[in-house]
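Some notes on the structure that comes next.
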Amino acid sequence: MAGRFARGEVAVVGLGKSGAAVSRLLRRTGAKIYASDAAARGNVRATAEELCALGVDAVAGAHDLERIARAAMVVASPGVPPDAAPLARAREAGVRVVSEVEVALGFLPRTRYIAVTGTNGKTTVTALVDHLLGALGLHCVAAGNIGMSLSEVALHQTPPEWVALEVSSFQLHDTPSIKPAVGVLLNLASDHLDRYATVEDYFADKMRLFANADDGSTWVTNADDAEVERRTAEVRGTRRRFSLSDTRAAAYCTSSSGVLVLDGRELLPRGEVPLLGEHNVANVLAATLAVASADPDYRTSDARARLAGGVRTFHGMPHRLEVVADVNGVQWIDDSKATNVSSTRVAIEGMTRPAVVLLGGRHKGEPYTALASGLKRHAKLVIAYGEAAPLIEADLGGAVPVERLGSSFPDVIARARAAARPGDAVLLSPACSSYDMFDNYEERGAAFRRLATAR
């Protein structure tokens, strides 16, 4: 790989986990690296200093746009919008822009991967795919948008047999070589309209998963999602579908049967899936179907038993409908990962208790009116907070009880505690990003847990 980057400087834009890891990976080949980040906060400066010690010219607090325009290649971190000044300048100059995932794939030629994308459920399905491959006795790592960057995996002395790769629309935008052993498209719904001009632009990036489809490709898709069905109908390769209603699908679980069926045979009863909500039954169907589709050896009787056992021992992901406390008969549920309206709608529809629902954060461009129907059935109160609070109140105030608060999260939790009664639930499912008040959704979820259990 060293020769590939020896003819010029590579510019890495963004010094988060992905940017730092790909800088280290490229530097290991002897490549000349300029890495920069517009942010100047302490953790970014610390990362820049660590990279400088490795011979990377890393800068926190500014981008040298003309230097980026002279680069042989630009690597974009997923948090950097395509129209950000450094990437726009690179494209103006005709410089190739690729994702961190694109670079890392070049260093993992013998590692097979199952790539998972969709608007909602990506992280849960990716983590479950990783868990299930482990249950089959295989060496697998979960990477990509799930937390560990793919470049970090490529830095391992011994690469894994398999990677469960979560890919966001942002990552897919600049990953032209993606060609998974199995590609999974879970669903398509409006999201990221703070970054995309139109929903069609967002969907187009999701569909880049299929850019290299051929007759030998294998795809797992959602038979219950009309947009997915329409867009994948003519994709080349074998399309294997999962469903909560269609018994013709390769994997299904109908409400009448209460049994998960994989390739025509019972896998396990619905009651043995240790996750909340019907959407998580769909996630289990998608993950088990993806693993079973990856290799004929993963469809034997012994493998099926191991897959069923893997489902039973999977306990979900933090901040995704995670019950974090039960205090005085009130259940506190952390769904901080729900950063779009469609994800929050699923969470609300899954409530089995009267709920105090916490909505708010930074607005992402979607109206909140789609939540009204579910809130009428399941919510006793909506607490709107943060930057989006006025929009939430305007969209929902005529349909359900809404109280608007400011940007003090302790005040939000205190009001929720006062409103909830034994037998109720307090659901944090914000339908917004966290960036008005927190660095990320994990920090928001951790604050929710801490305040929920405080005495």
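Everything in the sequence shown is counted per this note's numbering, starting at 1 for the first residue and increasing by one. Glycine residues also receive a C-beta, built at the ideal position from the N, C-alpha and C atoms. No experiment lies behind these values; they were computed from the predicted model shown.
May I ask you to report which of helix, strand or coil DSSP gives Arg-45?
helix
In the DSSP assignment, the alpha helix (DSSP H) including Asp-334 goes from what residue to what residue?
Note, Asp-334: premise wrong, no alpha helix (DSSP H); beta strand (DSSP E) at 330 to 334.
In whole angstroms, give me the CA-to-CA distance for Val-116 and Leu-150.
14 Å
Pick from Gly-94, Val-330, Arg-230 and His-279: whose alpha carbon is nearest that of Thr-254?
His-279
Alpha-carbon spacing of Arg-91 relative to Ala-308, whole angstroms
48 Å
Is it buried or exposed, Pro-86, if we count other Cβ atoms within 10 angstroms and call 16 or more buried?
buried
Any idea which residues DSSP pairs Leu-428 with across the strands?
Asp-334 and Leu-358
Taking Ile-333 as the reference, give the member of Thr-339, Ile-114, Ser-343 and Val-356 with the closest Cα.
Val-356
Decide if Gly-3 is buried, meaning its Cβ has at least 16 other Cβ atoms within 10 Å, or exposed.
Any reading at Gly-3 is ruled out, since the residue's pLDDT is 48, under 50, leaving its predicted position unreliable.
Could you name the residues of the same chain whose beta carbon sits closer than 6 Å to that of Ser-429, not counting the 5 residues immediately before and after it, in chain order?
Asp-335, Ala-338, Thr-344 and Ala-347
Of the residues Ser-36, Pro-78 and Asn-43, which one's Cα is nearest the Cα of Val-59?
Ser-36
Between the CA atoms of Cys-432 and Gly-79 - distance to the nearest angstrom
16 Å
Got a sec, what are the start and stop residues for the beta strand (DSSP E) Gly-183 sits in?
182 to 185
Cα-Cα separation between Ser-507 and Ala-292, rounded to whole angstroms
Nothing can be reported for residue 507: it is not among the residues displayed for the chain, which extend from 1 to 455.
Tell me whether Asp-395 sits in a helix, a strand or coil according to DSSP, three-state version.
helix
Where DSSP assigns a beta bridge to Pro-160, which residues make up the other side?
The partner list for Pro-160 (beta bridge, DSSP) is empty, contrary to what the question assumes.
DSSP-derived helix/strand/coil call for Tyr-435
coil
So, for Asp-225: in the same chain, excluding its five sequence neighbours on each side, which residues have a beta-carbon less than 7 Å away from its beta-carbon?
Asn-187 and Leu-188
Here's a check: name, in chain order, each residue in its chain whose Cβ is nearer than 8 Å to the Cβ of Leu-480, leaving out the five neighbours to either side.
The question about residue 480 has no answer, for the chain in this structure spans 1 to 455.
Since Pro-269 sits in a beta bridge, which residues does DSSP pair it with?
Val-259
Can the beta-carbon of Glu-387 be found closer than 9 Å to that of Gly-361?
yes
Tell me the start and end of each unbroken alpha helix (DSSP H) in the stretch 129 to 177 that is at least 4 residues and wholly inside, in chain order.
150 to 154 and 169 to 173
Can you name, in chain order, every residue of its own chain whose Cβ lies under 6 Å from the Cβ of Lys-32, other than the five neighbours on each side?
Glu-9
DSSP on Val-12, reduced to helix/strand/coil?
strand
Tell me whether Ala-20 sits in a helix, a strand or coil according to DSSP, three-state version.
helix
Distance, Cα to Cα, Thr-313 vs Ser-169?
30 Å
Sort out for me which residues DSSP pairs Met-73 with in a bridge.
Val-10
With Arg-306 as the anchor, note down where its beta strand (DSSP E) starts and where it stops.
No beta strand (DSSP E) contains Arg-306, which is instead part of the alpha helix (DSSP H) from 301 to 312.
Applying the criterion that 16 or more other CB atoms from any shown protein chain within 10 Å of the CB defines a buried residue, is Glu-455 buried or exposed?
Looking at the sequence shown, residue 455 is not Glu but Arg. Label assigned to Arg-455: exposed.
By DSSP's criteria, Ile-68 is part of a beta bridge. Which residues make up the other side?
Answer is none; Ile-68 lacks a bridge partner.
Is it right to say Cys-52 is buried, meaning 16 or more other beta carbons lie within 10 angstroms of its own, or is it exposed?
exposed
When the Cα of Glu-349 is compared with those of Arg-377, Glu-200, Ser-301 and Gly-445, which residue comes out closest?
Arg-377
Do the stretch 387 to 397 and the stretch 410 to 422 meet, that is, are 3 or more Cβ pairs less than 8 Å apart?
no
Is it true that the CB of Gly-183 sits closer than 9 Å to the CB of Val-220?
yes
Secondary structure at Thr-123, three-state DSSP: helix, strand or coil?
helix
List the endpoints of the continuous beta strand (DSSP E) containing Arg-404.
402 to 404
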